[in-house]
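Chains as they are written, first to last, in the working numbering: chain C, 19 to 146; chain P, 19 to 146. All C-beta atoms, glycine included, are put in the ideal place defined by N, C-alpha and C.
There are 2 protein chains.
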Amino acid sequence: TFSDFLENRGGFHLAGASVEGTMMLEELPVDRPLCLLFGNEHRGLSEDAKKICDFLFSIPLYGMVESYNLSVSAAITLYDYLKRKRLALKQDGDFSEEEYLAEKAHYYVRSLGAETAQALLSKAQEFI
Amino acid sequence: TFSDFLENRGGFHLAGASVEGTMMLEELPVDRPLCLLFGNEHRGLSEDAKKICDFLFSIPLYGMVESYNLSVSAAITLYDYLKRKRLALKQDGDFSEEEYLAEKAHYYVRSLGAETAQALLSKAQEFI
């Protein structure tokens, strides 16, 4: 569960998107692993969620814009944060080739479901 | 129509988002007025649309991402482009207060429809 994740999160810091943020998106630190939290589109993050966050950050709004929907909030946040992170790392990501392969395999298995993945894998052996 | 707009577009340059872009989003020039074009989510911009563009730009993709949907493409493009534009202008926008007011009024009238807007305006006079 999410609570288990929080209790065992090791080096992860929690960064929550909130209009009450005390830092701007552009100030989110890129020197440590972050888990980004986004709240419900109408009510934002719950009080409990905000309390456990290590950082609360705001996405800048200009002109007639009063808020962003969840997809746009996540898009802007990941674009800005990962761009700065890549600059800091001086490479495109922090996975080794091994880890990248494992993530990709895990992603495919979750997408397909274990049963379909197993069937496909068995069948694929015939073509290798 | 859109063709009329194109013929009379004066100082506007057309910048189209395309995977065939010859420049990256981060290179879009902020020193002139741009009209940003985004294509259909499945087929992208038509050949005709690409032909009339002054610039074709790509949004960078990293990791396992193969494409962005329209909303995310527009969000990332506007976030990056307007951020650099504000920096270049050294202010939040290039509207005068007068122009900003006019845009806002125009926006409300379009949102409400002329008839509802007229009725509301007449009624509002009573409270001023």
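| Assigned secondary structure, leucine 32 of chain P (DSSP; H/G/I helix, E/B strand, else coil) | strand
| query | So with Cβ pairs under 7 Å, would you call valine 83 of chain C a contact of chain P? | reply | no
| request: Take aspartate 112 of chain P as the anchor and find which of P:Ser89, P:Glu25, P:Glu45 and P:Asp49 has the nearest alpha-carbon. | output: P:Asp49
| request: Identify every residue that forms a DSSP beta bridge with phenylalanine 73 of chain P. | output: P:Ala33
| request: Quick one: measure Cβ to Cβ for leucine 8 of chain C and glycine 34 of chain C, integer angstroms, because I've assumed they're closer than 8 Å. | output: Residue 8 of chain C falls outside the range modelled here, since chain C spans only 19 to 146, and no answer is possible.
| task | Can you give me the start and stop residues for the beta strand (DSSP E) that leucine 52 of chain C sits inside? | result | 52-55
| said: Looking at the strands, I want to know which residues DSSP matches up with methionine 82 of chain C. | reply: Paired residues: none, contrary to the question.
| query | In chain C, what lies closer than 8 Å to lysine 122 of chain P by C-beta? | reply | Met82
| message | Restricting to runs no shorter than 4 residues, where is the alpha helix (DSSP H) found entirely within the stretch 87-136 of chain P? | response | 88-107 and 115-130
| query | Rounded to whole angstroms, how far is the Cβ of tyrosine 99 of chain P from the Cβ of isoleucine 94 of chain C, which I believe are closer than 8 Å? | reply | In fact, because the Cβ distance is near 12 Å, the residues do not count as touching under 8 Å.
| message | For a contact defined as C-beta to C-beta under 9 Å, what are the partners of glycine 111 of chain P on chain C? | response | Tyr80 and Gly81
| message | Can you find the residues in the same chain that come closer than 8 Å, C-beta to C-beta, to leucine 55 of chain C, ignoring five residues on each side of it along the sequence? | response | Leu32, Ala33, Gly34, Ala35, Leu63, Ala67 and Cys71
| Residues that isoleucine 94 of chain P contacts on chain C, provided the C-beta gap is smaller than 8 Å | Ala93, Ile94 and Tyr97
| task | Mark serine 91 of chain P as exposed unless 16 or more other C-beta atoms lie within 10 angstroms of its C-beta, in which case mark it buried. | result | buried
| query | Where glutamate 25 of chain P and glutamate 133 of chain C are concerned, what is the direct C-alpha to C-alpha distance, given to the nearest angstrom? | reply | 58 Å
| If you measure from the beta carbon of valine 127 of chain C to each beta carbon in chain P, is any gap under 7 Å? | no
| Among C:Phe73, C:Glu117 and C:Arg27, which one has its Cα closest to the Cα of proline 47 of chain C? | C:Phe73
| query | Checking contacts by CB at 7 Å: is histidine 76 of chain P closer than that to chain C? | reply | Residue identity differs from the one stated: residue 76 of chain P is serine in this sequence, not histidine. Taking Cβ atoms only, chain C never reaches closer than 7 Å to serine 76 of chain P, which makes this a no.
| lysine 69 of chain C versus C:Gly39, C:Ala142 and C:Tyr86, residue with shortest Cα-Cα distance | C:Gly39
| request: Name the residue from P:Glu45, P:Val37, P:Asn87 and P:Leu139 whose alpha carbon lies nearest to the alpha carbon of arginine 102 of chain P. | output: P:Glu45
| query | What are the partner residues of glycine 62 of chain C, as DSSP defines its beta bridges? | reply | C:Asn58
| query | Using a beta-carbon distance below 7 Å, is valine 90 of chain P in contact with chain C? | reply | yes
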